[in-house]
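Quick mapping for you: the protein sequence lines, in order, are chains W and U. Using my numbering, the final residue of the first sequence is 274, and nothing's skipped along the way. Using my numbering, the final residue of the second sequence is 185, and nothing's skipped along the way. Each residue gets a CB set at the ideal place from its N, CA and C atoms; glycine is no exception. None of the values given here were measured: they were computed from a predicted structure. Data block below; observations after.
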Amino acid sequence: MQQPRILEIRHNILKKNDQLARNLRAQFQAANVCVVDLVSSPGSGKTAFLEETLRRLNQDFRVAALVGDLATENDAMRLARSGAPVKQIQTAGICHLEAEMIANNLSDWNLAELDYLFIENVGNLVCPSSYDLGENFRAVLLSVTEGEDKPLKYPTIFNSADVAIITKMDLAEAVEFDKDAAYASIQSVRPGIPILEVSSKSGAGIDAWLAFLKSEKDKAERAAAAQSSQSTNA
Amino acid sequence: MHELSIAYSIVESAEEAARNAGVTKVKAVNLRLGKLSGVVKDALLFSFDIAAQETLLEGAKLNIEELNVIAYCPTCNENVELPSVQIFRCPVCNTPTPTLIQGKELELTSLEIDDENEQEVTNATATHS
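So this is what it looks like as structure tokens:
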């Protein structure tokens, strides 16, 4: 029997998304806007956390948010109470945001007029991990009510994150949250990742989160400046 | 579950490559899938058959080569294969290994084409259109 002919391809399946994400990243960098992708399971407190973040940042910075959900505008309406411009992306059943959806929803804003842009991903600990959105960094949220071993159950998304945020700390005692176990799980799947603890309700830990945001923004600005001086010298 | 949209992307890429090469019938699609790609092998296999319907890939087999996670161990100063995706530590010296070398791949590597059927299929397509 004749051997089948092999046609070599070597094609990254997510190449289209990755390319769009690279374009977005360049666009964000040129506009000097720091972009944060928030991921977590449904109900871990992303919207409350973002609402508090926007409310606090809105005093000194120009901020905006894109929020992804399968359906409804509820989260956008909640977030708009912070005073920041917010846009809802309804994915119509798609379980994650893709770079194309971000690109298609930026036209209302002048990016150069923003300091921070937050992207609240669809509540899902699996699918969003594969899709780069051009963000500066990805923050994964874990609430104290979810179980300390969640990072071990969903290692892919925790491994892809740049900072882990433990939410609902005001409930920690009531649900007998084992902080050491949670830290160990997170560090096991992503050694060295910074971990923050917050309560969006009481505001505890939000200052440290805002300081983290500021340091990431400064870092991005330094990198952009170094890159532009390098290209000027070249 | 985003495997169906991934499957459609695979079919789209494979079909484009096949067309460019003048191929009309693909026998198998070979894919490399890292264990940290975020894609579930079984769900992808299931979705592939659906996505391949009414394309050049209809009836083709999807061969998935699963890739273990490889990380760099700064203590051993070499790349090590991790036995578990839950423990990012060197299996030799137990040092944490945050630097990933392999494991996120989602790559279409090649297509297998059955040249024996090529002529026959080309004729069938011609008659059909």
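Outcome for residue i when other beta-carbon atoms lying within 10 angstroms are tallied against a minimum of 16
i, result
"residue 195 (chain W)", "buried"
"residue 77 (chain W)", "buried"
"residue 272 (chain W)", "exposed"
"residue 148 (chain W)", "exposed"
"residue 176 (chain W)", "buried"
"residue 183 (chain U)", "Reliability fails at residue 183 (chain U), whose pLDDT of 37 lies under 50, so the model's placement of it is uncertain and the value that follows must be treated cautiously. Label assigned to residue 183 (chain U): exposed."
"residue 26 (chain W)", "A query on residue 26 (chain W) cannot be resolved here, the shown segment of chain W reaching from 41 to 274 and no further."
"residue 179 (chain U)", "With a pLDDT of 40 at residue 179 (chain U), under the threshold of 50, the modelled position of that residue is not reliable, and no figure is offered here."
"residue 67 (chain U)", "buried"
"residue 59 (chain U)", "buried"
"residue 62 (chain U)", "buried"
"residue 181 (chain U)", "In this prediction, residue 181 (chain U) scores a pLDDT of 41, lower than 50, which makes its location untrustworthy; the coordinate-derived value is nonetheless stated afterwards. Classification for residue 181 (chain U): exposed."
"residue 115 (chain U)", "exposed"
"residue 255 (chain W)", "exposed"
"residue 112 (chain W)", "exposed"
"residue 69 (chain W)", "buried"
"residue 80 (chain U)", "buried"
"residue 215 (chain W)", "exposed"
"residue 199 (chain W)", "buried"
"residue 239 (chain W)", "buried"
"residue 160 (chain U)", "buried"
"residue 94 (chain U)", "buried"
"residue 153 (chain U)", "buried"
"residue 242 (chain W)", "exposed"
Supposed close pair residue i, residue j - CB separation, criterion 8 angstroms
i, j, result
"residue 167 (chain U)", "residue 49 (chain W)", "6 angstroms"
"residue 165 (chain W)", "residue 85 (chain W)", "Not really, about 14 angstroms apart at Cβ, beyond 8 angstroms."
"residue 173 (chain W)", "residue 152 (chain W)", "Actually they do not touch by this definition, with Cβ atoms about 19 angstroms apart."
"residue 231 (chain W)", "residue 144 (chain U)", "5 angstroms"
"residue 131 (chain W)", "residue 141 (chain W)", "7 angstroms"
"residue 157 (chain U)", "residue 135 (chain U)", "5 angstroms"
"residue 89 (chain U)", "residue 164 (chain U)", "Actually they do not touch by this definition, with Cβ atoms about 10 angstroms apart."
"residue 252 (chain W)", "residue 236 (chain W)", "6 angstroms"
"residue 8 (chain W)", "residue 104 (chain W)", "As shown, chain W starts at 41 and ends at 274. That puts residue 8 (chain W) outside it, with no answer to give."
C-beta contact flag for residue i and residue j at 8 angstroms
i, j, result
"residue 113 (chain U)", "residue 82 (chain U)", "yes"
"residue 87 (chain U)", "residue 126 (chain U)", "no"
"residue 51 (chain W)", "residue 103 (chain U)", "no"
"residue 7 (chain W)", "residue 154 (chain W)", "In the structure displayed, chain W extends from 41 to 274; residue 7 (chain W) sits before or after that span and is not available."
"residue 168 (chain W)", "residue 129 (chain W)", "no"
"residue 121 (chain W)", "residue 91 (chain W)", "yes"
"residue 124 (chain U)", "residue 138 (chain U)", "yes"
"residue 106 (chain W)", "residue 145 (chain W)", "yes"
"residue 257 (chain W)", "residue 74 (chain W)", "yes"
"residue 187 (chain W)", "residue 81 (chain W)", "no"
"residue 246 (chain W)", "residue 96 (chain W)", "yes"
"residue 229 (chain W)", "residue 206 (chain W)", "no"
"residue 44 (chain W)", "residue 105 (chain U)", "no"
"residue 115 (chain W)", "residue 93 (chain W)", "no"
"residue 161 (chain W)", "residue 108 (chain W)", "yes"
"residue 148 (chain U)", "residue 92 (chain U)", "no"
Near the ligand GDP: residue i beta-carbon under 7 angstroms from a heavy atom
i, result
"residue 170 (chain U)", "The ligand GDP is absent from the structure shown, which contains no ligand whatsoever."
(message) At a CB distance below 7 angstroms, what residues from the region 156-168 of chain U approach chain W? Give them in sequence order.
(response) Listed by position along the chain: 162, 163, 164, 165, 166, 167 and 168.
(request) Output, in sequence order along the chain, the residues in the region 222-234 of chain W whose CB is closer than 9 angstroms to any CB in chain U. (result) 225, 227, 228, 229, 230, 231, 232 and 233
(request) Return the chain-ordered ranges of every beta strand (DSSP E) run that is complete within the region 148-215 of chain W and spans a minimum of 3 residues. (result) 156-160, 177-183 and 203-207
(message) What are the residues in the region 156-170 of chain W lying within 8 angstroms of chain U by C-beta distance?
(response) Residues of the region 156-170 of chain W with a C-beta less than 8 angstroms from any C-beta of chain U: 166, 167, 169 and 170, listed in chain order.
(message) Threshold first: 4 residues or longer. Then list the alpha helix (DSSP H) segments lying entirely within the region 93-121 of chain W, N to C.
(response) 114-120
(request) Give the residues from the region 195-224 of chain W that approach chain U closer than 9 angstroms (Cβ to any Cβ), ordered along the chain. (result) 195, 196, 197, 199 and 200
(message) Residues of the region 41-56 of chain W in Cβ contact with chain U at a cutoff of 7 angstroms, in chain order, please.
(response) Within the region 41-56 of chain W, the qualifying residues are 42, 44, 45, 46, 47, 48, 49, 50, 51, 52, 53 and 54.
(request) Report the residues of the region 65-83 of chain W with a CB closer than 8 angstroms to any CB of chain U, ordered along the chain. (result) none
(request) Below 9 angstroms between beta carbons is the criterion; list the residues of the region 99-110 of chain U that meet it against any residue of chain B, in chain order. (result) Protein chains W and U are contained in the structure displayed, whereas chain B is not.
(message) For a minimum of 4 consecutive residues, which ranges assigned as the alpha helix (DSSP H) are wholly contained in the region 51-89 of chain W?
(response) Runs of the alpha helix (DSSP H) inside the region 51-89 of chain W: 55-71.
(message) Closer than 9 angstroms between beta carbons: that is the criterion. Which residues of the region 139-150 of chain U meet it against chain W?
(response) 140, 141, 142, 143, 144 and 145
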